[in-house]
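Trainee: Below you will find the structure I want to go over with you.
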Amino acid sequence: MQSVFSSPNPILFGPGSAELTGEKLKGLGCTKVLVVYDPGIRDAGIADKIVGIIEAAGIEVVRFDRVEADPPDWMVEEAGALGVREQVDGVVGLGGGSSLDTAKGAKLLLTNPPPISQYFGREGVVTRPSKPLVVIPTTAGTGSETTPGGVITDTKKGIKTNIAGVGCRIDLGIVDPELTVGLPPAVTAATGMDALCHAVESYTSALSNSFAEITAREAIRLVGKYLVRAYENGSDMEAREGMMLASTLGGMSMSGPLCHLAHDIGKTLGAKFHVPHGNGCASCLPQVLEAVAEAVPERVRYVAECLGAEIPAGASAGEIGAAARATVQALMKRIELPNLRSFGLRKEEILAVVPEGVEMMQQGLTRLFGRGTSPVPATRERVTDIVSRAYDEN
Ligand SMILES: [Fe+2]
1 MQSVFSSPNP
11 ILFGPGSAEL
21 TGEKLKGLGC
31 TKVLVVYDPG
41 IRDAGIADKI
51 VGIIEAAGIE
61 VVRFDRVEAD
71 PPDWMVEEAG
81 ALGVREQVDG
91 VVGLGGGSSL
101 DTAKGAKLLL
111 TNPPPISQYF
121 GREGVVTRPS
131 KPLVVIPTTA
141 GTGSETTPGG
151 VITDTKKGIK
161 TNIAGVGCRI
171 DLGIVDPELT
181 VGLPPAVTAA
191 TGMDALCHAV
201 ESYTSALSNS
211 FAEITAREAI
221 RLVGKYLVRA
231 YENGSDMEAR
241 EGMMLASTLG
251 GMSMSGPLCH
261 LAHDIGKTLG
271 AKFHVPHGNG
281 CASCLPQVLE
291 AVAEAVPERV
301 RYVAECLGAE
311 IPAGASAGEI
321 GAAARATVQA
331 LMKRIELPNL
341 RSFGLRKEEI
351 LAVVPEGVEM
361 MQQGLTRLFG
371 RGTSPVPATR
381 ERVTDIVSRA
391 YDEN
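For the sequence shown, the positions run 1 to 394 when our numbering is used.
Here it is, written out as structure tokens:
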């Protein structure tokens, strides 16, 4: 098998590494930076802490503190315009995936004129290099510090789309597990499931490869060992560090294989109904694993066993799939993850948009790569069955 691995972003990992933010920005030549975050990070005091560290290094700070979930294109343009107006020479993204993606868009717009919609998509988009970007995740889930692009909501079309290329490239990811200690349990649970989905989907993707296997397997093992611990005791630093590493490795594992059904479903639920990303992606994971077991049973067995299942040798693909489904369902109950019904959505309204959205995403990937990432055909009927059962059973 031919395998290509590309993980373009330098990462500084470990407890206390955020203390080096100012020094690292100075090393990148920054004198005035745009710091991008959301109101939750502001209220938790994390923004003031990081801004203090940056200012102590003699770097001026301009704050953009209005990041919204599922970053809409107009908001990313506001952040970029602020950076241009203030003539910043660097950008810092601080927070969860939405803040990091907004920061990527803001960096892009420092040297590439708006609207940002002209840079949407994976094909034929060329962007100019821009100022340095440092990202500092405060959740263990998105893995956005490892990826070459960002996810932005195209508000005209009502879909999530990508920006990529040199214009939004990360110059350094600072991954400090200490920043996750104050996360509420519900956020630990949802973001941790996002990390699990990244690793599980890249490991079982039709485009998986040797490098993805190594990073994904370790990420899955770490989630199995530490997610419940981090959920039950947010101050358990070993668990927090394990989950942060799982998140970063999960992000790296997506390079090449990408994700498939769970994320396609989650992205559609996010774009149409604003279901939080981790919750949306995890909402159907048990049934997705059961469905893909027919194509990749031994990989599904590995996932299930890492999460605590005991599956007899010689089990059929169907038995492995059922065990994986039950194991992930039990994990989701243990960490009190809200199910689809708890978001106040009717099954009919979900089924009216999700199967079509997933099919379109897989068709788009087929045009780019010659085949979709789902290891089983992502027909509307199959996705309807997955979502319908997830709605009723999880
Ligand atoms: Fe994700």
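Yeah, the Cβ is synthetic: ideal placement off N, Cα and C, and Gly gets one too. What you are looking at is a predicted structure, and each value in this text was computed from that prediction instead of being measured.
Comparing C-alpha positions only, which one of I320, S7, L261 and A47 sits nearest to V62?
Mentor: Checking every option, the nearest Cα to that of V62 belongs to A47.
Trainee: Express the C-alpha separation of G370 and L261 in angstroms, rounding to a whole number.
Mentor: Roughly 17 Å separates the two Cα atoms.
Trainee: Would E359 pass as a contact of R389 if the rule is Cβ separation under 9 Å?
Mentor: No, these two residues do not count as a Cβ contact at 9 Å.
Trainee: Count Cβ pairs between the stretch 72 to 79 and the stretch 106 to 116 that sit closer than 8 Å; are there 3 or more?
Mentor: Counting Cβ pairs under 8 Å, three or more are found: they touch.
Trainee: Would you mind working out which of S99, V51 and I350 sits nearest T384, comparing C-alpha positions?
Mentor: For the residues S99, V51 and I350, the minimum Cα distance to T384 belongs to I350.
Trainee: By alpha-carbon positions, which one of K24, M332, S6 and R42 ends up nearest to T188?
Mentor: T188 has its Cα closest to that of M332, out of K24, M332, S6 and R42.
Trainee: Determine the contact status of A271 and I159, defining contact as a CB-CB distance below 9 Å.
Mentor: Closer than 9 Å, so yes.
Trainee: Could you check if D194 belongs to the surroundings of ligand 1, using beta carbon to heavy atom distance under 8 Å?
Mentor: D194: yes, Cβ under 8 Å from ligand 1.
Trainee: Check whether the Cβ atoms of G150 and L100 lie closer than 9 Å to each other.
Mentor: The answer is yes: Cβ separation under 9 Å.
Trainee: For a test of the three-state rule: what should DSSP assign to L34, helix, strand or coil?
Mentor: Three-state result, L34: strand.
Trainee: Taking DSSP as the reference, what is the three-state secondary structure of P286?
Mentor: Reduced to three states, the DSSP call for P286 is helix.
Trainee: Using the beta-carbon count (16 or more within 10 Å), is A309 buried or exposed?
Mentor: With 16 or more other Cβ atoms within 10 Å, it is buried.
Trainee: Answer yes or no: do G278 and A190 have a C-beta to C-beta separation smaller than 9 Å?
Mentor: Yes, the Cβ-Cβ distance between G278 and A190 is below 9 Å.
Trainee: Would DSSP call V296 helix, strand or coil?
Mentor: Here V296 sits in coil by DSSP.
Trainee: What first and last residue would you give for the beta strand (DSSP E) that runs through D154?
Mentor: Taken as a continuous stretch (DSSP letters only), the beta strand (DSSP E) holding D154 covers G150 to D154.
Trainee: Given 8 Å as the limit, is there contact between the stretch 280 to 289 and the stretch 238 to 258, that is, 3 or more CB pairs closer than that?
Mentor: Contact between the stretch 280 to 289 and the stretch 238 to 258 is absent, because fewer than three Cβ pairs lie under 8 Å.
Trainee: When we look at the beta-carbon of Q362 and count the other beta-carbons within 10 Å, is it buried (16 or more) or exposed?
Mentor: So Q362 counts as buried.
Trainee: Report the rounded CA-to-CA distance for R128 versus K107, giving the unit in angstroms.
Mentor: Between R128 and K107, the C-alpha separation is close to 11 Å.
Trainee: Closer than 8 Å to a non-hydrogen atom of ligand 1 - does that hold for the CB of T102?
Mentor: No; taking the cut-off as 8 Å, the Cβ of T102 has no heavy atom of ligand 1 nearer than that.
Trainee: Apart from the five residues just before and just after D38, which ones in its own chain have a Cβ nearer than 6 Å to its Cβ?
Mentor: Once the five neighbours on either side are set aside, the close Cβ partners of D38 are V67, G95 and S99.
Trainee: Per DSSP, which one or two residues make a beta bridge with P137?
Mentor: In DSSP, P137 forms a bridge with G95.
Trainee: Output yes or no for whether 9 Å exceeds the beta carbon distance between V33 and V92.
Mentor: It is a contact, given that the beta carbons lie within the stated cut-off.
Trainee: Regarding T248 and ligand 1, is the C-beta to nearest heavy atom distance less than 8 Å?
Mentor: Every heavy atom of ligand 1 is 8 Å or more from the Cβ of T248, so no.
Trainee: In its own chain, which residues sit with a C-beta less than 6 Å from the C-beta of P177, not counting the 5 before and 5 after it?
Mentor: Here the set comprises P15, R240, E241 and M244.
Trainee: When every heavy atom of ligand 1 is checked, does at least one fall within less than 8 Å of the C-beta of G266?
Mentor: Yes - ligand 1 has a heavy atom lying nearer than 8 Å to the Cβ of G266.
Trainee: What residues are listed by DSSP as bridge partners for E60?
Mentor: Per DSSP, K32.
Trainee: Nearer than 8 Å: is that true of the beta carbon of T188 relative to any heavy atom of ligand 1?
Mentor: No, ligand 1 has no heavy atom inside 8 Å of this Cβ.
Trainee: Using CA atoms only, rank isn't needed, just tell me which of V125, V126, L227 and T146 is closest to L133.
Mentor: Residue T146 is the option with its Cα nearest to L133.
Trainee: Can you tell me the Cα-Cα spacing of F5 and T215, whole angstroms?
Mentor: Rounded to whole angstroms, F5 to T215 spans 11 Å at the Cα level.
Trainee: So the alpha helix (DSSP H) K333 belongs to, where does it begin and stop?
Mentor: Where K333 is concerned, the enclosing alpha helix (DSSP H) stretches over A317 to R334.
Trainee: What residue does the alpha helix (DSSP H) around I41 start on, and which one ends it?
Mentor: Taken as a continuous stretch (DSSP letters only), the alpha helix (DSSP H) holding I41 covers P39 to D43.
Trainee: Less than 9 Å between the beta carbons of R42 and D65, yes or no?
Mentor: Their beta carbons are under 9 Å apart, which means R42 touches D65 by this criterion.
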